[in-house]
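Chemist:
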Amino acid sequence: MPVFLVFLLSAFICALPEARAQQQSNCSDDTLAWVARADAAHPASVRAVQCFPAHVLLKLDMQGSGSLDVDVSHPAGQAFRRIGRLGVSPILEIDDFRKIPAPQQEAFETLCTWLAAHENEVLQSQAPRIPVLRRRLDPIQESVSIGNFWSSTAWAGLAFLLVWMAARAARKAMNTMAGRRDVIVLTILFVVALLLRLSLGPFGPHHVNGQGPQWILAASVDPARLFGYGPGYAEIFSFIKTIFTTYPDTAIFVGNAFFSALSAPLVFVLARKLGLDAHRALFAGALTTVDAVAIRFGATEAYFAPIMTLTLTAYVLFVSAAKRSRTNLRLESLVLATVGALVCAQAARIHPIAWGPVALGPLFVMATHVAPTNFRASWNEWVRRGARVAALAVLVVLVLVVTSGKVIASVAAGIHDHWDARAGGNTVGLWLLEHASIGLLLLAVAFVLAKPRGPLVPAVASILALIATRHAYGQSPIWIASYDRLWSAAIVIALASMIPTSFARVRHVWLLLGAAAIAAFAASFSTIAERTTEQLEHAFFRHAFASLPNGCRVVHVPRVDRRIVLLPEYAIHSPENAPLAVVAVSSADEVRRLKRSEPCLRYARTSICTSTDGRPACEAVEHGLHLVPIAERDLPAKPSHVMSTYDRDVVNVGLFEVRSPE
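And the structure:
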């Protein structure tokens, strides 16, 4: 197939039109009814845009004087304005409500006045009409859209293109003995890595603080749940979920294990393209294969695996493009670089933490120019090399802006809502001042040992980036170790490049290194096998929910201060257009009101109840209710977040039937 077809496919992906959002709301009939009454009484247009658990997003349209998005929540929480038990918050792009135009302020105050007079009518707002199991995702709603440029079809097209390019490269490599050996090695690496991740993976949530189900629900039900992070995760995994429609979480876990397993052969290929021989490249790939942390987050919902695999794919494409540009294959080089930039764009759309590894891409092109023979090049040749690196950086930025500019801008604007980067603000500078001599010594040793020296360029950049940013992921040791893996490829390849070539070809040395790798894997097995309380809790409730009668609803306490526990509601069998299967409550009275209209109602006592701050909230809900236990289990107290500990060694969780008073 000619390279022009690859170019046309890439251009087609770039030219895909932006998915237009549907105008209809997903809110319940009760919610739409009170919103209609508010609209009739309000001088501005009031409409419900989107409903979430305990939240309704409204849009106030002032007919020529702008519009204002307003979040109405119950309970109030940390809302901008409290009206009885309701919270009302304007969604602004500035930090001062008084700075918005007067018509918008007046519209907000008028809405608050109406809500104060009709507070009891608004309490039905927490039952959005979202099918729990749906075969295909609906488009993200317009007013909460974050620039959904790519659809799942576009992601499928890009995936097909990458598979075709990999097959084409493998077919070409099979023409030589060395190429055939490399294909066999990377196949073995992938198979072993996949088996390790599927056989030893937790098949449960990896996110800290109980937020794993949120990402599964975003991919299987409602992409708008991740509007503060980006649509990339839902774009990728909704495509995978359409293949396995019955169990969306299992489909995501298996898909993530596949992504994690791909990182091992990609590290091997990248090392080979950066000039390492097959033995040392195998060392880098083998380290990635048996990495305990990568195995731990493989069969989970964590976004680390797809980000790592996508950025590694982009690095391979960028290095391949750089090599072809030196052999006058300019068009093929441009195509490879463009596809690599598209892959970077998809990674950047998953989560802001991908932005750093994406920015590392051009440094791998620079690495192809750092070799002993290259240092004797003329000044003009160095200028041309610098121009190639700069051109690639410009291409990546251009593709990011064209495909995902609105996404990145929107996520960046709200990044302070998800990140707390106050500690260690100038960590790189402080570290260099305190450890400059040690750092320079290690760099000098690495420069002497490394052959080729090119991988040192992205490796040093990765280490500096880690020093500067890893404190933001300090919620738990495994969480920060997972973040480290996004930057590990260049570091692992640089370590492999320091193995002397003569040393690497000795058979007994590789037997020794193999034994060391097995010993390291055995020593880290406790990390692989460890399960947090929330992972065990997820498995318990997933099994318990699957046996509930069709249409049954579950109430629970999802949040107390910063502690969150979300439930696997995707395991509950609910009819199409049924109210939300899992309902957040804060008092026994709310449960009693629901019981009057719900013949099948269950109460979930979660791990949040086994904490000093969470126990009073759970007791307030359970007080006076007639609860009949259906299933209970005692779990070991192993928190996922260092700040969200338990006050007992054993965490009791259970599912209870809520019965009407005798």
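With the working numbering applied, the sequence shown corresponds to residues 4 to 665, in that order.
Yeah, the Cβ is synthetic: ideal placement off N, Cα and C, and Gly gets one too.
Nearest-angstrom Cα distance between A196 and V293?
Modeler: Within the sequence shown, numbered from 1, the residue matching residue 196 stands at position 193. Within the sequence shown, numbered from 1, the residue matching residue 293 stands at position 290. Each residue's Cα considered, the two are about 7 Å apart.
Chemist: Are there 16 or more other CB atoms within 10 angstroms of the CB of Q53, so buried, or fewer, so exposed?
Modeler: Looking up residue 53 in the sequence shown gives position 50. Buried, because 16 or more other Cβ atoms sit within 10 Å of the Cβ of Q53.
Chemist: Thinking C-beta only, is A584 closer than 8 Å to V624?
Modeler: For the purposes of this step, residue 624 is taken as residue 621 along the sequence shown, with counting starting at 1. For the purposes of this step, residue 584 is taken as residue 581 along the sequence shown, with counting starting at 1. No; because the gap between Cβ atoms is not below 8 Å, this pair is not in contact.
Chemist: Could you tell me the distance, in whole angstroms, from the CA atom of H354 to the CA atom of L489?
Modeler: Your numbering for residue 354 matches position 351 in the sequence shown. Your numbering for residue 489 matches position 486 in the sequence shown. Taking the straight line joining both Cα atoms gives about 12 Å.
Chemist: Relative to the alpha-carbon of P93, which residue among R534, V59, V392 and V194 has its alpha-carbon at the smallest distance?
Modeler: By 1-based counting over the sequence shown, the position of residue 93 is 90. When each option's Cα is compared against that of P93, the closest is V59.
Chemist: Look at L551 and A607 and say whether their C-beta atoms are less than 8 Å apart.
Modeler: For this step, residue 551 is matched to residue 548 along the sequence shown. For this step, residue 607 is matched to residue 604 along the sequence shown. For L551 and A607, no; Cβs fall outside 8 Å.
Chemist: Quick one: is P619 buried, meaning 16 or more other Cβ sit within 10 Å of its Cβ, or exposed?
Modeler: Residue mapping note: residue 619 aligns to position 616 of the sequence shown, counting from 1. So P619 counts as exposed.
Chemist: Out of N553, F100 and G87, which has the shortest C-alpha to C-alpha gap to D72?
Modeler: Mapped onto the sequence shown, residue 72 falls at position 69. For the residues N553, F100 and G87, the minimum Cα distance to D72 belongs to F100.
Chemist: Going along the chain, which residues of its own chain have a beta-carbon closer than 6 Å to the beta-carbon of F193, five neighbours each way excluded?
Modeler: Numbered from its first residue, the sequence shown carries residue 193 at position 190. A264 and P268, listed in sequence order.
Chemist: What does the alpha-carbon distance come out to for the pair L320 and A308?
Modeler: Indexing the sequence shown from 1 puts residue 320 at position 317. Indexing the sequence shown from 1 puts residue 308 at position 305. About 18 Å.
Chemist: Residue range of the alpha helix (DSSP H) that E540 falls in?
Modeler: The residue labelled residue 540 in the question sits at position 537 within the sequence shown. E540 -> alpha helix (DSSP H) spans T536 to A549.
Chemist: For C54, which residues does DSSP report across the bridge?
Modeler: Indexing the sequence shown from 1 puts residue 54 at position 51. Beta-bridge pairing links C54 to V59.
Chemist: Would you decide whether H629 is buried or exposed? Buried here means 16 or more other CB atoms lie within 10 Å of its CB.
Modeler: Mapped onto the sequence shown, residue 629 falls at position 626. H629 is exposed by the Cβ-count criterion.
Chemist: Quick one, are the C-beta atoms of A210 and A305 less than 8 Å apart?
Modeler: In the sequence shown, counting from the first residue as 1, residue 210 sits at position 207. In the sequence shown, counting from the first residue as 1, residue 305 sits at position 302. The residue you asked about is not Ala; residue 210 is His in the sequence shown. The answer is yes: Cβ separation under 8 Å.
Chemist: Which one of L189, R84 and V346 has the shortest CA to CA distance from T113?
Modeler: Residue numbering aside, residue 113 sits at position 110 when the sequence shown is read from its first letter. Minimum Cα distance to T113 is reached at R84.
Chemist: Quickly, what does DSSP pair P323 with across the bridge? List them, please.
Modeler: The count along the sequence shown starts at 1 and reaches residue 323 at position 320. The question names Pro, yet the displayed sequence has Ser at residue 323. In DSSP, S323 forms no bridge with anything.
Chemist: Tell me which residues share the same chain as V402 and place their Cβ nearer than 8 Å to its Cβ, disregarding the 5 neighbours each side in the sequence.
Modeler: The count along the sequence shown starts at 1 and reaches residue 402 at position 399. For V402, where only same-chain residues beyond five positions count, the Cβ hits under 8 Å are C17, T341, A344, L345, C347 and A348.
Chemist: Provide the residue span of the beta strand (DSSP E) that contains D72, from first to last.
Modeler: Here residue 72 refers to the residue found at position 69 when the sequence shown is read from its first residue. First-last of the beta strand (DSSP E) with D72: S70 to S76.
Chemist: Would the region 228–244 count as touching the region 566–573 if we require 3 or more Cβ pairs under 8 Å?
Modeler: With the cut-off at 8 Å, the region 228–244 and the region 566–573 do not touch.
Chemist: Around the C-beta of V386, are 16 or more other C-beta atoms found within 10 angstroms, so that it is buried, or is it exposed?
Modeler: Locating residue 386 in the sequence shown gives position 383, counting from the first residue. Classification for V386: exposed.
Chemist: Skipping 5 residues on each side, what residues in its chain have a beta carbon closer than 7 Å to that of M65?
Modeler: One-based indexing of the sequence shown puts residue 65 at position 62. Cβ within range, chain order: A47, P106, Q107 and A110.
Chemist: With DSSP collapsed to three states, give me the class of V293.
Modeler: Taking the first residue of the sequence shown as 1, we reach residue 293 at position 290. If DSSP states are grouped into helix, strand and coil, V293 belongs with coil.
Chemist: Grab me the residues of S527's own chain with a C-beta within less than 7 Å of its C-beta, minus the 5 sequence neighbours each way, in chain order.
Modeler: Along the sequence shown, read from residue 1 onward, the residue named residue 527 stands at position 524. The residues are A295.
Chemist: Between the Cα of A297 and the Cα atoms of L203, R333, L363 and L337, which residue gives the shortest distance?
Modeler: Residue 297 sits at position 294 when you count from the first residue of the sequence shown. Considering only alpha carbons, the answer is L203.
Chemist: Count the other C-beta atoms from every protein chain shown that fall within 10 angstroms of the C-beta of D225, then say buried if there are 16 or more, exposed otherwise.
Modeler: Here the question's residue 225 lines up with position 222 in the sequence shown. With 16 or more Cβ atoms within 10 Å of its Cβ, D225 is classed as buried.
Chemist: Any heavy atom of the ligand SAH closer than 7 Å to the CB of V322?
Modeler: As for the ligand SAH, it is missing from this structure, which has no ligand bound.
Chemist: Using C-beta distances below 6 Å, list every residue in its chain close to W392, excluding the 5 sequence neighbours before and after it, in chain order.
Modeler: In the sequence shown, counting from the first residue as 1, residue 392 sits at position 389. In the sequence as displayed, the identity of residue 392 is Val instead of Trp. The answer, listed in chain order, is P365, V368 and M369.
Chemist: Taking C-beta to C-beta, are P455 and A493 nearer than 8 Å?
Modeler: The residue given as residue 455 occupies position 452 in the sequence shown. The residue given as residue 493 occupies position 490 in the sequence shown. Not a contact, by the Cβ cut-off of 8 Å.
Chemist: Taking only runs of the alpha helix (DSSP H) that begin and end inside the region 202–258, which ones reach a length of at least 4 residues, in chain order?
Modeler: DSSP runs (the alpha helix (DSSP H)) wholly in the region 202–258: 215–223 and 235–244.
Chemist: Quick check on DSSP: helix, strand or coil for N151?
Modeler: Taking the sequence shown and counting its residues from 1, one reaches residue 151 at position 148. Because the pLDDT at N151 is just 41, under 50, the model does not fix this residue reliably, and the value given afterwards should be weighed accordingly. Correct three-state label for N151: coil.
Chemist: Where does L630 fall in DSSP's three states?
Modeler: Taking the sequence shown and counting its residues from 1, one reaches residue 630 at position 627. Three-state result, L630: strand.
Chemist: Specify, as a first and last residue, the run of the alpha helix (DSSP H) that I103 falls within.
Modeler: Indexing the sequence shown from 1 puts residue 103 at position 100. First-last for I103: undefined, no H or E at that position.
Chemist: Return helix, strand or coil for G554, following the three-state DSSP convention.
Modeler: By one-based count along the sequence shown, residue 554 stands at place 551. Coil at G554, not helix or strand.
Chemist: Check the C-beta distance from S610 over to D650 and give it rounded, since I have them as a contact under 8 Å.
Modeler: The residue given as residue 610 occupies position 607 in the sequence shown. The residue given as residue 650 occupies position 647 in the sequence shown. S610 to D650, Cβ: 11 Å. No contact.
Chemist: For H559, which three-state DSSP category applies?
Modeler: Against the sequence shown, residue 559 aligns to sequence position 556. In the structure shown, H559 sits in a strand (DSSP, three-state: E or B).
Chemist: Taking the continuous beta strand (DSSP E) assigned at E660, which residues delimit it?
Modeler: Sequence index remark: in the sequence shown, residue 660 carries index 657 (1-based). Note, E660: beta strand (DSSP E), V653 to R662.
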